[in-house]
Amino acid sequence: MNFDLVYKEIGDFGLFSKYIVYVGSFTSVYSGFLFINSFFILGIPDHRCALPGWENDTYAVQNDRHLDVINRTIPLAPTTEKFKYDQCNYRTVSENGHISLRKCKKWVYDTSVYQSSLAADLNMVCDRSILKSNAQMVFFGGLLAGSFLTGIFSDRFGRKPTLCISSIFYFLAAMGIAWTPSYVVYVFLTFCVGFFSVGNFMPSYVMGMEFVGPSMRRFPGLVGGYYWMVGNLILAGLGYAIRDWSTLQIVCAAPGILFQIFWFVFPESPRWLYTQGKLEESKAVIRKAAKWDKITLPEKFFDKVFKDVPEPNQGKIWHLFTSRVLCIRTLIIFFNWFVVCLAYYGLALNSGDLGGSMYLNFFLQGLMDFPATTITLVLLDRTGRKPLLVGSMIIGGLGCLATVFTIVYGGEEYSVATTVLAMLGKIGASAAFSMVYVYSAELFPTVVRNAGMGSSSCLARVGGMSAPYIADLDRLVGGGFGRALPQIVFGTLSIIAGLLAIYLPETLNRNLPETIEQGIKFGREEEEEEKADEKEIYVNKALDDLEPCTHL
Numbered sequence: 183m184n185f186d187l188v189y190k191e192i193g194d195f196g197l198f199s200k201y202i203v204y205v206g207s208f209t210s211v212y213s214g215f216l217f218i219n220s221f222f223i224l225g226i227p228d229h230r231c232a233l234p235g236w237e238n239d240t241y242a243v244q245n246d247r248h249l250d251v252i253n254r255t256i257p258l259a260p261t262t263e264k265f266k267y268d269q270c271n272y273r274t275v276s277e278n279g280h281i282s283l284r285k286c287k288k289w290v291y292d293t294s295v296y297q298s299s300l301a302a303d304l305n306m307v308c309d310r311s312i313l314k315s316n317a318q319m320v321f322f323g324g325l326l327a328g329s330f331l332t333g334i335f336s337d338r339f340g341r342k343p344t345l346c347i348s349s350i351f352y353f354l355a356a357m358g359i360a361w362t363p364s365y366v367v368y369v370f371l372t373f374c375v376g377f378f379s380v381g382n383f384m385p386s387y388v389m390g391m392e393f394v395g396p397s398m399r400r401f402p403g404l405v406g407g408y409y410w411m412v413g414n415l416i417l418a419g420l421g422y423a424i425r426d427w428s429t430l431q432i433v434c435a436a437p438g439i440l441f442q443i444f445w446f447v448f449p450e451s452p453r454w455l456y457t458q459g460k461l462e463e464s465k466a467v468i469r470k471a472a473k474w475d476k477i478t479l480p481e482k483f484f485d486k487v488f489k490d491v492p493e494p495n496q497g498k499i500w501h502l503f504t505s506r507v508l509c510i511r512t513l514i515i516f517f518n519w520f521v522v523c524l525a526y527y528g529l530a531l532n533s534g535d536l537g538g539s540m541y542l543n544f545f546l547q548g549l550m551d552f553p554a555t556t557i558t559l560v561l562l563d564r565t566g567r568k569p570l571l572v573g574s575m576i577i578g579g580l581g582c583l584a585t586v587f588t589i590v591y592g593g594e595e596y597s598v599a600t601t602v603l604a605m606l607g608k609i610g611a612s613a614a615f616s617m618v619y620v621y622s623a624e625l626f627p628t629v630v631r632n633a634g635m636g637s638s639s640c641l642a643r644v645g646g647m648s649a650p651y652i653a654d655l656d657r658l659v660g661g662g663f664g665r666a667l668p669q670i671v672f673g674t675l676s677i678i679a680g681l682l683a684i685y686l687p688e689t690l691n692r693n694l695p696e697t698i699e700q701g702i703k704f705g706r707e708e709e710e711e712e713k714a715d716e717k718e719i720y721v722n723k724a725l726d727d728l729e730p731c732t733h734l
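Here the sequence shown stands for residues 183 to 734, numbered as in this note's numbering.
Okay, here's the thing in structure tokens:
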């Protein structure tokens, strides 16, 4: 099969291709709503123990008598930096006048920031605070499972059925969260949201890739990436405007109903149809694309397109560990994927603990994706892959580590500086996220490229699953150091990953490895001399037919 002949006739990015890419990428906007809306849904307001025996107790002081009882019953927090009162204990006085502390069984919450929060409704505080991190981890676990199973479903039953069926359950699960009656139900539904989100956005991207010509292969990933950023920014505005968690969840989930029209307005991928032996259906889709672009296909056109049968890829992931060179490179790539996903999502989830307005911080961390992605695109073919990845990781890591000084030693008066430094960290993580995809795709030999990228994606999901726990370290370790601890972890790991990436070979304008043997030799001095003698100009096609370069 030589589908490049199709694009020579109808163009690499005709009207029909634009329709598939631009419309299909709205699934990325929807994912931008739902991927990290737990930042608002599971927001934990300021709180304290409910006063024993006081009916209709509220966090806000009702009168002088209420204030007096609060001061006698609730001790001051171990640190006065963030909370005035202890959040988890209250005083009791025995008959002999002995004063002791008891743990809360009931809490009252501040409603000045959140009108309501699922974390408050389910009391995910104090000894139960780990429940929040567990729930966010389960979402990324759903992503991990969805990456495996919906991908298999897509290859077996088609891109369109996977997209449409997943969008139904994605919408239902996301909408159902708004009426969740318990923590167990919420965890189940959030796993489903993560699982079916992959089947919603990934097939639309793959369809976009399979509807464009070779020169535009990266464009669907670019469009999807920017659409995702727009979704994040819209989420920031919705979170600020809607302070009731269930209403916010309904508004975020509601657009999913629109994807049901894809059953009627989207075609199946002609490439996939061909691989399944459905030649007439594949030809019908190509004819439709030609009709949209007002192009008449030549006679016997399809005899040329369908004359070859693609050979199966026999590469296996363990082949990457058969030599010391490939093993070390693979482990470095895996570690970079793990760290960049950990830092990217962890910084987003931690943006509310930087000081200043949590809504502004969340908006800014989403906004940082735009310059980061744009800078990456501009410099990608100018500086080379390795300097860009190494620089992004190290600069982002230094930005995170620098927040230690403003948080620990500066306090609230330096909240603006803390936010600026954290946003520098976010730019580095976002740029590295875009860069690590391109770089690793070029480093893996062709025979194991898909296996290598799939395994890298799994490591990224593990990083995402770890992110909520790192972001919530401040709730386990008090004081300014506790607030800075997530930034220390993100920064340190990013710098280590960046330094390790120095040992990877450059891939810009290089003939990429096809076999395991070529992968072992790739980047060595002898090969450099051979390439210099050949004086070839190589067109990089490592990303052809691969998954998207997005943050999803």
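Even glycine gets a Cβ: it sits at the ideal position worked out from N, Cα and C.
Closest residue to residue i among the options (Cα-Cα distance)
i      : options                        : result
Leu325 : Val205, Cys523, Leu655         : Cys523
Gly701 : Ser329, Cys308, Phe626, Asp309 : Phe626
Arg310 : Ala327, Cys286, Ser294         : Cys286
Pro199 : Phe401, Ala435, Ile334         : Sequence check: residue 199 is Ser here, not Pro. Among Phe401, Ala435, Ile334, the Cα nearest to that of Ser199 is on Phe401.
Val369 : Leu502, Ile424, Ile223         : Ile223
Leu404 : Arg564, Gly279, Phe208, Asn305 : Phe208
Ile218 : Tyr526, Met550, His280, Ser574 : Tyr526
Asn316 : Gly407, Ala649, Gly673, Ser379 : Ala649
Phe704 : Leu300, Leu606, Leu508         : Leu508
Arg511 : Ile684, Arg469, Gly193         : Ile684
Arg425 : Gly225, Val412, Trp500, Phe552 : Gly225
Val394 : Ile468, Gly328, Leu371, Val366 : Ile468
C-alpha gap between residue i and residue j, whole angstroms
i      : j      : result
Glu191 : Ala360 : 49 angstroms
Leu466 : Ala472 : Leu is not the amino acid found at residue 466; the sequence shown has Ala there. The straight-line gap from Cα to Cα measures roughly 10 angstroms.
Glu729 : Tyr387 : Model confidence at Glu729 stands at a pLDDT of 46, short of 50, so the residue's coordinates are unreliable and nothing is read from them.
Thr429 : Val188 : 48 angstroms
Phe446 : Gly421 : 33 angstroms
Asn495 : Leu345 : Confidence at Asn495 is low in this model, with a pLDDT of 48, below 50, so the placement of that residue should be treated as unreliable; the coordinate-derived value is given next. Distance between the alpha carbons of Asn495 and Leu345: 25 angstroms.
Glu709 : Val572 : Because Glu709 sits at a pLDDT of 49, beneath the cut-off of 50, its placement in the model cannot be relied upon, and the following sentence gives the value as read from the coordinates. Going from the Cα of Glu709 to the Cα of Val572 covers about 23 angstroms.
Gln442 : Lys342 : 11 angstroms
Asn271 : Ala356 : 35 angstroms
Ile678 : Val521 : 9 angstroms
Leu686 : Leu313 : 39 angstroms
Ala554 : Lys608 : 9 angstroms
Tyr408 : Ile576 : 24 angstroms
Ile557 : Arg284 : 54 angstroms
Ser294 : Tyr541 : 13 angstroms
Asn278 : Phe587 : 47 angstroms
Own chain, CB closer than 6 angstroms to residue i, minus 5 neighbours either side, in chain order
i      : result
Leu603 : Gly581, Ala584, Thr585
Boundaries (first-last residue) of the beta strand (DSSP E) holding residue i
i      : result
Cys231 : 229-231
Asn271 : 271-275
Tyr291 : 289-291
Where residue i sits in the DSSP three-state scheme
i      : result
Asp246 : helix
Ile698 : helix
Trp236 : coil
His280 : coil
Ser533 : helix
Lys482 : coil
Ser639 : helix
Tyr422 : helix
Tyr267 : strand
Arg574 : Per the sequence shown, the amino acid found at residue 574 is Ser instead of Arg. Helix, per DSSP.
Leu258 : strand
Ser648 : helix
Ser220 : helix
Ser298 : strand
Neighbourhood of residue i by C-beta distance below 7 angstroms, restricted to the same chain and skipping five residues each side
i      : result
Phe322 : Gly376, Arg643, Gly646, Met647
Gly528 : Ala649, Ile652, Ala653, Pro668, Phe672
Val290 : His229, Arg230, Ala232, Asp239, Thr240, Tyr241
Contact set for residue i: own chain, Cβ-Cβ below 8 angstroms, skip 5 residues either direction
i      : result
Arg567 : Met617, Val620, Tyr621, Glu624, Glu688, Thr689, Leu690
Host alpha helix (DSSP H) of residue i (start-end)
i      : result
Ser336 : 312-339
Trp500 : Segment: none, Trp500 is in no alpha helix (DSSP H) and carries neither H nor E.
Cys374 : 365-392
Cys434 : 427-435
Leu226 : A small correction: the amino acid at residue 226 is Ile; Leu does not occupy that position in the sequence shown. It is not in any alpha helix (DSSP H) - Ile226 carries neither H nor E in the DSSP assignment.
Gln442 : Careful: Gln442 lies outside any alpha helix (DSSP H) and carries neither H nor E.
Val590 : Neither: Val590 is in no alpha helix (DSSP H) and is coded neither H nor E.
Arg469 : 461-474
Gly214 : 208-216
Asn543 : 540-549
Ile609 : 597-625
Asp309 : Segment: none, Asp309 is in no alpha helix (DSSP H) and carries neither H nor E.
beta-carbon residue i near the ligand MN non-hydrogen atom, thresh 7 angstroms
i      : result
Leu345 : Only the bare structure without any ligand can be found here, which leaves the ligand MN out of the picture.
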